[in-house]
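Visitor:
Residue numbers (the working numbering): 1269 to 1369.
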């Protein structure tokens, strides 16, 4: 399946998500049945020149947050920050908003 910038993956076997929420144009999160913390997806700038056929989900890269503290589910607040090593995207989710670190 081809994933577009406006459609993050929500159907990975065993990681199906509900309650998918857009934080920014490039960051979404949702909830799986197996975790108490959300699963995040970001549209990775580092994959801009990689053909979709060489990736599992286009430019979408996942990040689990099971080692993060869920301070509040609504509005979402996680500690500590999230960091994607693939491209260096780094920020905080507090009061349901993304803030760059």
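Quick reminder that beta carbons are idealized off the backbone N, C-alpha and C, glycines included.
Would you call residue 1277 buried or exposed, if buried means 16 or more other Cβ atoms sit within 10 Å of its Cβ?
Guide: In the chain shown, the residue the question calls residue 1277 occupies position 9. Residue 1277 comes out buried.
Visitor: Name the residue from 1285, 1294 and 1345 whose alpha carbon lies nearest to the alpha carbon of residue 1313.
Guide: Residue numbering aside, residue 1313 sits at position 45 when the chain shown is read from its first letter. Checked all of 1285, 1294 and 1345; the closest Cα to residue 1313 is 1294.
Visitor: Measure the beta-carbon distance from residue 1352 to residue 1327 and round it to whole angstroms, keeping in mind my assumption that it falls under 8 Å.
Guide: Stepping through the chain shown from its first residue, residue 1352 is reached at position 84. Stepping through the chain shown from its first residue, residue 1327 is reached at position 59. Actually they do not touch by this definition, with Cβ atoms about 12 Å apart.
Visitor: If you run the structure through DSSP and keep just helix, strand and coil, what is residue 1344?
Guide: Within the chain shown, the letter at position 76 stands for residue 1344. In this structure, residue 1344 counts as strand in the three-state DSSP scheme.
Visitor: Tell me the rounded alpha-carbon separation between residue 1237 and residue 1296.
Guide: Nothing about residue 1237 can be read from this structure; the chain reaches only from 1269 to 1369.
Visitor: Short check: CB of residue 1338 to CB of residue 1307, under 9 Å?
Guide: As a working mapping, residue 1338 is identified with position 70 in the chain shown. As a working mapping, residue 1307 is identified with position 39 in the chain shown. Not in contact: residue 1338 and residue 1307 (Cβ atoms no closer than 9 Å).
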